[in-house]
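Peer 1:
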Amino acid sequence: MTQRLPLVAAQPGIWMAEKLSTLPSAWSVAHYVELTGELNAPLLAKAVVAGLEHADTLRMQFTEDNGEIWQWVDPTLTFAEPDILDLRNESSPHEAARALMRADLQQDL
Numbered sequence: 024m025t026q027r028l029p030l031v032a033a034q035p036g037i038w039m040a041e042k043l044s045t046l047p048s049a050w051s052v053a054h055y056v057e058l059t060g061e062l063n064a065p066l067l068a069k070a071v072v073a074g075l076e077h078a079d080t081l082r083m084q085f086t087e088d089n090g091e092i093w094q095w096v097d098p099t100l101t102f103a104e105p106d107i108l109d110l111r112n113e114s115s116p117h118e119a120a121r122a123l124m125r126a127d128l129q130q131d132l
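The numbering used here puts the first residue of the sequence shown at 24, with every later residue one more than the last.
#1: Do Ala53 and Leu128 have their C-beta atoms within less than 8 Å of each other?
#2: Check whether the Cβ atoms of Gln94 and Leu43 lie closer than 8 Å to each other.
#3: Cα separation between Pro35 and Gly90?
#4: Nearest to Gln84 by CA position, among Gly74, Ala73, Leu100, is which residue?
#5: How about Ala78 and Pro105: do their beta carbons lie closer than 8 Å?
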């Protein structure tokens, strides 16, 4: 484990709410992006991973030790390339995207 860090002001409340919640992924958010024009999908996927790798907040791990909650950056955490879905041929691409997000948000992290 790297350096243990205390939680910031809002995090203890979120930690407790997550522990008490019966909803999977209660603190998750979802969105989609509509892209127009030519797209190099493999390059986009690599760019997304590169961006994720530079965000330490996405590598945070949490643990409880003697009633105290600590966080640390996990340098070993890796990110898989995202699925890139082409919904242009759907009867309603926007609704198809929203349905996929709703289903994804019902899954445990």
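The beta carbon of each residue, even a glycine, is placed where N, CA and C say it ideally should be.
In this text the structure is predicted, and so the values were computed from the model without any measurement.
Peer 2: Well, looking at it:
#1: Yes, the pair counts as a contact, with Cβ atoms nearer than the cut-off.
#2: Between Gln94 and Leu43, the C-beta gap is not smaller than 8 Å, which leaves the two residues out of contact.
#3: If I take the Cα positions, the gap works out to 11 Å.
#4: Of Gly74, Ala73, Leu100, the residue nearest in Cα terms is Leu100.
#5: No, the Cβ-Cβ distance between Ala78 and Pro105 is not below 8 Å.
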